[in-house]
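Read the structure below first, then the notes.
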Amino acid sequence: MYSGGHAGRDRRVDVRNYLSPLAEAREIAPKGFGSFAVTPIPMGTIVATFGGTIVNRINFETYPLEQRSRSIQIDVDQFVLGPELREPGDSINHSCLPNCGMRNATQLIAMGPIAVGEELTYDYATSDTSDYDEFECACGSDNCRGRVSSNDWKLLDLQTRYRQIFSPYVQRKIRASQLVRFLTKRDAEDLVNNYDADPQQALVRALRIVTGMPNASWRSLVAQVSPDLEHREFLYGADQSSLDKLAQHLNEQRSI
Ligand SMILES: [Zn+2]
């Protein structure tokens, strides 16, 4: 339920920012905030809810960086922008080895028991696929990626590890990006052999095979395999380097 909204304007989310009473937000030196368990937190506990205003991408980019850093992406073109002043539920840091995950677009749950004093963390790749919050990571975990980027959801090991805890819209992006089957060696050879004469037509043939959509048009095939809107526009426009990258991807993914 939203209230006070008019088409085209920002809408107030009906969910308030929430941090479980089992945790508290603290300032951590030298500069920043984090949330820590103050009593043992059982697995499956809802530890935090992101609240604020739903804004689209264009409006989102007009807000100050600090406020945007306390936001969460909830759909391809929608963000929940944190309130003007920091609230306790705003202070969950990223870790490449997190103890919390997304239960839905705005709620975080404990993925296992969390001990007193332990910091609550989640992997920003499970919610954010836009580049407003990319950074060098200093989480210190053994599998730290070093840099957290908006494309991390594409990493296969993350897709496997976080299967149940991606935000619903990221799960949709992942499903769209997964091909139902791979090209055989023969299909891949056909793609390469026919590519120079008509790249788009050669790709249509290959994509119909990998998507299992034998009659699909170029536009529906691109929509199926390219969840990234910007990339999709390049492919719709038959941008040569985007076509080349897609062909290379299909070729690399072929079965042996
Ligand atoms: Zn890290």
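Position in the sequence shown counted from 1, then plus 2, gives you our numbering. By construction, the Cβ of each residue, glycine as well, lies at the ideal position given by its N, Cα and C atoms. Note that the structure is predicted; figures quoted are calculated from it, not measured.
Nearest neighbour of PHE137, chosen from LEU122, GLU121, ILE111, ASN95 [CA to CA]: Here residue 137 corresponds to residue number 135 of the sequence shown, with the count starting at 1. Each of LEU122, GLU121, ILE111, ASN95 was checked against the Cα of PHE137, and the nearest Cα belongs to ASN95.
If you pair each beta-carbon of the segment 53-65 with each one of the segment 79-86, do three or more pairs fall below 8 Å? The segment 53-65, when compared against the segment 79-86, does touch it at the 8 Å Cβ threshold.
Looking only at DSSP bridge pairs, what is ILE48 linked to? Reading the sequence shown from its first residue, position 46 is the one you call residue 48. The partner list for ILE48 (beta bridge, DSSP) reads ILE111.
Spatial distance of MET182 from GLN255 (CA atoms): Your numbering for residue 182 matches position 180 in the sequence shown. Your numbering for residue 255 matches position 253 in the sequence shown. With the sequence shown as reference, residue 182 is identified as Val, and Met is not the correct amino acid for it. Their Cα atoms are separated by approximately 12 Å.
Of the choices LEU157, ARG163, ASP144, ALA117, whose alpha-carbon is the least far from that of MET104? Your numbering for residue 104 matches position 102 in the sequence shown. If we check each option's Cα against that of MET104, ARG163 comes out closest.
Can you determine whether any heavy atom of ligand 1 sits closer than 7 Å to the C-beta of SER71, and answer yes or no? Taking the first residue of the sequence shown as position 1, residue 71 is located at position 69. Not under cutoff, so the answer is no.
Determine the direct distance from the alpha carbon of THR108 to that of VAL150, and round the result to whole angstroms. In the sequence shown, counting from the first residue as 1, residue 150 sits at position 148. In the sequence shown, counting from the first residue as 1, residue 108 sits at position 106. A direct Cα-to-Cα measurement between VAL150 and THR108 gives close to 20 Å.
Is any heavy atom of ligand 1 found at a distance shorter than 7 Å from the C-beta of SER151? Your numbering for residue 151 matches position 149 in the sequence shown. False, no ligand heavy atom lies under 7 Å from that Cβ.
Confirm, please, whether the CB-CB distance from PHE38 to ALA50 is below 8 Å. Residue numbering aside, residue 50 sits at position 48 when the sequence shown is read from its first letter. Residue numbering aside, residue 38 sits at position 36 when the sequence shown is read from its first letter. With a cutoff of 8 Å on beta-carbon distance, ALA50 and PHE38 are scored as not near each other.
Endpoints, alpha helix (DSSP H) assigned at ASP189: Position 187 of the sequence shown holds residue 189. According to the DSSP assignment, ASP189 belongs to the alpha helix (DSSP H) that extends over 187-197.
Reference ASN106; option with closest CA among SER129, GLY119, ILE116: For the purposes of this step, residue 106 is identified with residue 104 of the sequence shown, where counting begins at 1. Out of SER129, GLY119, ILE116, the CA that lies nearest to the CA of ASN106 is found in SER129.
Excluding the 5 residues preceding and the 5 following THR131 in the sequence, name in chain order all residues of the same chain whose CB lies nearer than 7 Å to its CB. For this step, residue 131 is matched to residue 129 along the sequence shown. Here the set comprises GLN75, SER152, TRP155, VAL172, LYS175.
Residues around ligand 1, please: the ones whose beta-carbon is closer than 5 Å to some heavy atom of it, in chain order. Going by the Cβ distance cut-off, the answer is CYS98, CYS139, CYS141, CYS146.
Relative to the C-alpha of ALA127, which candidate in SER93, ARG88, CYS102, PHE168 has its C-alpha closest? Along the sequence shown, read from residue 1 onward, the residue named residue 127 stands at position 125. Nearest of SER93, ARG88, CYS102, PHE168 to ALA127, Cα basis: PHE168.
Tell me whether the beta-carbon of VAL227 lies closer than 8 Å to the beta-carbon of TYR238. Within the sequence shown, numbered from 1, the residue matching residue 227 stands at position 225. Within the sequence shown, numbered from 1, the residue matching residue 238 stands at position 236. With contacts defined by Cβ atoms closer than 8 Å, VAL227 and TYR238 do not form a contacting pair.
Could you check the C-alpha separation between GLN161 and ALA199 for me, to the nearest Å? Within the sequence shown, the letter at position 159 stands for residue 161. Within the sequence shown, the letter at position 197 stands for residue 199. Taking the straight line joining both Cα atoms gives about 36 Å.
Given LEU248, which residues of its chain have a CB within under 7 Å of its CB, disregarding the five upstream and five downstream residues? Translated into the one-based positions of the sequence shown, residue 248 becomes position 246. Cβ neighbours of LEU248 beyond the five flanking positions: LEU205, LEU237.
Give me the Cα-Cα distance between THR186 and ASP125, rounded to the nearest whole angstrom. Position 184 of the sequence shown, counted from the first residue, corresponds to residue 186. Position 123 of the sequence shown, counted from the first residue, corresponds to residue 125. Cα-Cα distance, rounded: 35 Å.
Would you give the residue range spanned by the beta strand (DSSP E) that ARG210 belongs to? What you label residue 210 is simply residue 208 of the sequence shown in a count that begins at 1. Segment 201-213 is the alpha helix (DSSP H) holding ARG210; no beta strand (DSSP E) there.
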